[in-house]
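K.L.:
Pasting a structure below so you can have a look.
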DNA sequence: CCATACCCGACTATTTTTGTCAAGTTTTGC
DNA sequence: GCAAAACTTGACAAAAATAGTCGGGTATGG
Ligand code: FES
Ligand code: FES
């Protein structure tokens with residue numbers, strides 16, 4: 001399990017945009033250059049980010065991209081959702097897998113592993129939802145250096 | 159980001175082994191058949207699980223595999239570590255990426271995104287470490303149906 | 001009207017993952 | 001001892017996912 005470069009690059013672009021929080025828009029080439037990324041790939045990513053309403057664009061000469069929201073109201077999760085269609089996808093979301101495994105594995109029609117994977121998904125999304133782009137700007141300040149353990153919210157009873 | 163089938167299959171095998179918690183070992187073919195998985199792939203996975211000390215093997219006729227530890231002392235995380243070399247890998251762990259991105263991105267030699275990805279890693283590993291194979295056996299009993307939010311352990315001050 | 005820059009789908013290339021093969025080694029039962 | 005069962009292993013092939021490119025379009029400011 002690994003973050004895709006799409007995500008890394010996309011997030012880089014967003015951070016770059018957020019840093020330039022001036023009035024006039026930054027062009028895709030500018031961003032690509034400053035982040036040392038392939039220009040056409042950046043365009044593609046920004047295009048998708050636009051469709052999800054994360055960035056706005058201004059066409060024509062002197063045009064470019066702008067953040068659509070304030071960095072403090074934009075989480076890493078939002079960007080994941082826009083780019084990958086979610087940071088985390090269930091393995092059996094694809095039709096082929098679902099019929100091959102999820103259903104037939106256990107008698108009552110449920111893969112006994114399913115809850116682990118769905119819980120994992122919500123843990124991931126939930127964490128990424130706590131990280132704002134704002135926090136990324138102040139480099140390192142958000143990093144506590146401590147472990148960030150997961151606390152099971154409901155161990156006892158049930 | 160998605161769980162690999164390696165993991166899904168591997169975990170299935172482990173659960174199958176745990177269910178058969180009798181004295182004599184189960185052969186790879188048995189497991190493959192009961193879980194409807196390709197035999198040779200199962201063999202390969204079990205082999206790796208063996209090297210990490212998750213399962214034991216008995217060679218020769220009537221041989222097969224056994225869990226090396228009690229299901230209550232075996233977490234999903236252990237299995238991830240054995241199979242994928244960890245459930246989660248940092249994108250810039252590979253040499254090529256590291257020199258291309260992680261280092262040069264910010265002035266002090268640190269990608270400003272790095273802490274998100276490392277924290278994400280610890281959140282994932284930490285969660286998977288709370289789920290024992292034991293819990294998987296009692297199908298559904300561990301599933302609370304509720305959300306399992308991530309609570310940032312240290313928001314204030316710092 | 002032209003240079004800039006967004007828009008977009010189709011396409012290729014690369015890498016990763018998945019799965020197979022074939023040739024071993026070890027042990028049991030007869 | 002020998003044959004059959006079953007683990008061991010690395011190399012290889014197939015498939016899928018990801019990364020990245022191309023080329024043509026459209027809008028806009030000067
Ligand atoms: S196949 Fe759906 S969770 Fe296992
Ligand atoms: S490249 Fe290492 S975290 Fe961004």
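Chains as they are written, first to last, in my numbering: chain A, 1 to 158; chain B, 159 to 316. Virtual Cβ for every residue (Gly too), placed ideally from N, Cα, C.
#1: Would you check whether ligand 1 has a heavy atom nearer than 7 Å to the C-beta of residue 189(B)?
#2: In the DSSP assignment, find the beta strand (DSSP E) that holds residue 214(B) and state where it starts and stops.
#3: Just to confirm my understanding: we take residue 118(A), look at its own chain, exclude 5 residues before and 5 after, and list those with CB closer than 6 Å. What are they?
#4: Between residue 8(A) and chain B, is there a C-beta pair that is closer than 8 Å?
#5: Buried or exposed for residue 3(A), please, with buried defined as at least 16 other CB atoms from any protein chain shown within 10 angstroms of its CB.
#6: Please list, in chain order, the chain A residues whose beta carbon lies closer than 8 Å to that of residue 271(B).
#7: Return helix, strand or coil for residue 64(A), following the three-state DSSP convention.
#8: Less than 8 Å separating the beta-carbons of residue 29(A) and residue 16(A)?
#9: Does the distance from the C-beta atom of residue 204(B) to that of residue 216(B) stay below 8 Å?
#10: Alpha carbon to alpha carbon, what distance is there between residue 249(B) and residue 283(B)?
#11: Throw me the rounded Cβ distance for the residue 218(B) and residue 183(B) pair, which I believe falls under 8 Å.
#12: Could you say which of 278(B), 240(B), 211(B) and 290(B) lies nearest to residue 130(A) if we only look at CA atoms?
#13: Quick one: which chain A residues come within Cβ less than 8 Å of residue 197(B)?
#14: Using the three-state DSSP reduction, which class does residue 184(B) fall into: helix, strand or coil?
#15: Pull up the DSSP beta-bridge partners for residue 247(B), would you.
P.N.:
A quick look at the data gives this:
#1: By one-based count along the second chain, residue 189(B) stands at place 31. At a cut-off of 7 Å, the beta-carbon of residue 189(B) does not count as near ligand 1: no heavy atom of the ligand is closer than that.
#2: Along the second chain, one-based indexing puts residue 214(B) at 56. That run of the beta strand (DSSP E) goes 213-216.
#3: Start at 1 with the first residue of the first chain, and residue 118(A) comes out as number 118. Here the set comprises nothing.
#4: For the purposes of this step, residue 8(A) is taken as the residue at position 8 of the first chain. By this cut-off, residue 8(A) is an interface position.
#5: Start at 1 with the first residue of the first chain, and residue 3(A) comes out as number 3. The residue is buried, with at least 16 neighbouring Cβ atoms inside 10 Å.
#6: Along the second chain, read from residue 1 onward, the residue named residue 271(B) stands at position 113. Residues of chain A passing the Cβ test: 8, 11, 12, 15 and 136.
#7: Translated into the one-based positions of the first chain, residue 64(A) becomes position 64. Three-state result, residue 64(A): strand.
#8: Residue 29(A) sits at position 29 when you count from the first residue of the first chain. Residue 16(A) sits at position 16 when you count from the first residue of the first chain. Their beta carbons are not under 8 Å apart, which means residue 29(A) does not touch residue 16(A) by this criterion.
#9: Here residue 204(B) corresponds to residue number 46 of the second chain, with the count starting at 1. Here residue 216(B) corresponds to residue number 58 of the second chain, with the count starting at 1. Their beta carbons are not under 8 Å apart, which means residue 204(B) does not touch residue 216(B) by this criterion.
#10: By one-based count along the second chain, residue 283(B) stands at place 125. By one-based count along the second chain, residue 249(B) stands at place 91. When rounded, the distance between both Cα atoms is 16 Å.
#11: Reading the second chain from its first residue, position 60 is the one you call residue 218(B). Reading the second chain from its first residue, position 25 is the one you call residue 183(B). By a beta-carbon distance limit of 8 Å, residue 218(B) does not contact residue 183(B). Their separation comes to about 10 Å.
#12: To locate residue 130(A), count along the first chain from 1; it is residue 130. Of 278(B), 240(B), 211(B) and 290(B), the residue nearest in Cα terms is 278(B).
#13: The count along the second chain starts at 1 and reaches residue 197(B) at position 39. Near residue 197(B) there are no residues of chain A at all, since even the closest Cβ is about 16 Å away, more than 8 Å.
#14: Position 26 of the second chain, counted from the first residue, corresponds to residue 184(B). DSSP places residue 184(B) in strand when its eight states are reduced to three.
#15: Residue 247(B) sits at position 89 when you count from the first residue of the second chain. DSSP lists 2(A) as the beta-bridge partner residues of residue 247(B).
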